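Sequence positions in the sequence shown follow this note's numbering and run 1275 to 1458. Quick reminder that beta carbons are idealized off the backbone N, C-alpha and C, glycines included. Quick caveat: nothing in here was measured; it's all calculated off a predicted structure. First the structure, in the form of structure tokens, and then the observations on it.
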Amino acid sequence: MNRNILIRELREHGILNDIPNISDVNMKFLCDVIRISGTRDMLEIGSANGFSGICFWDVLESQWWHLTTVEFSQPAYDAARENIERAGLSDTITQIFWNALDVIPGLDDASFDFVFIDGMKRRSKDFLELSWSKCKKWWVIILDDVIKFRDKMVGLEEYLTDNNISYNILPIDGDDGVMMIVKR
Ligand SMILES: C[S@@+](CC[C@H](N)C(=O)[O-])C[C@H]1O[C@@H](n2cnc3c(N)ncnc32)[C@H](O)[C@@H]1O
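Pasting the structure below:
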């Protein structure tokens, strides 16, 4: 199926069904960062119905990419599997069905150069902490919704301060934005 048509269809479906997919502005921002960082191995925490992963196809495919995406809701995982199949991306997107908090420790160290954290907001600090050793040097990490849900992100600011991790908060999205960390 034509991927751009599928993305439009999924966007409409997401709006009608209250699926918290990334916004168009965020999608464009993430695709730009993926492109300029030369990302090839990406980890996504929180697949939902596969919308964001499918949106990254264009830029990632041109970079010989691979995406690993983790989801712990069975209906969301099943919907993502169907959508990823419809997009013809089953070979390039690896889906993992389980709690990312249990999955990430078992992933290979230094295997990713981009992590997109979009799971439950109150565990954002844990996702970040667990992902740290799984990333190569010069990796990029993006946390979504850090302005709107700042209060829910328990322990995140303390973790960043205690570990001397610098970051930028980019208000790209009207009332919300992303946190970007570049590990050197
Ligand atoms: C905001 S949605 C993700 C949206 C998706 N990235 C997109 O833009 O299309 C968050 C998803 O993360 C999943 N999730 C939350 N916490 C998780 C965890 N600990 N492990 C795996 N999946 C998780 C939820 O079930 C939900 O589907």
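- Assuming TYR1433 contacts LEU1402 (C-beta within less than 8 Å), just tell me the rounded distance between them. 7 Å
- Task: Take SER1326 and list the residues in its own chain whose beta-carbon comes closer than 6 Å to its own, dropping the five residues that flank it on each side.
- Result: ILE1296
- Measuring CB to CB, does TRP1413 end up less than 7 Å from ASP1376? no
- Query: Is the Cβ-Cβ distance between ILE1378 and LEU1404 less than 7 Å?
  - Reply: yes
- Sequence-distant residues of its chain with Cβ nearer than 8 Å to GLU1318 (five each side left out): SER1326, GLY1327, LEU1341, THR1342, THR1343, VAL1344, VAL1389, PHE1390 and ASP1392
- Message: Would ILE1446 and VAL1299 be called neighbours here (beta carbons separated by less than 7 Å)?
- Response: yes
- Would you say MET1453 and VAL1420 are within 7 Å of each other, going by their C-beta atoms? yes
- Message: Considering only DSSP beta bridges, list what HIS1287 is partnered with.
- Response: For HIS1287, which the question treats as bridged, DSSP gives no partner whatsoever.
- Task: Have a look at MET1394, ILE1455, GLU1359 and LYS1422 and flag the residue whose alpha-carbon is nearest the alpha-carbon of CYS1409.
- Result: ILE1455
- Query: Between which two residues does the beta strand (DSSP E) containing MET1275 stretch?
  - Reply: Note, MET1275: premise wrong, no beta strand (DSSP E); not H, not E.
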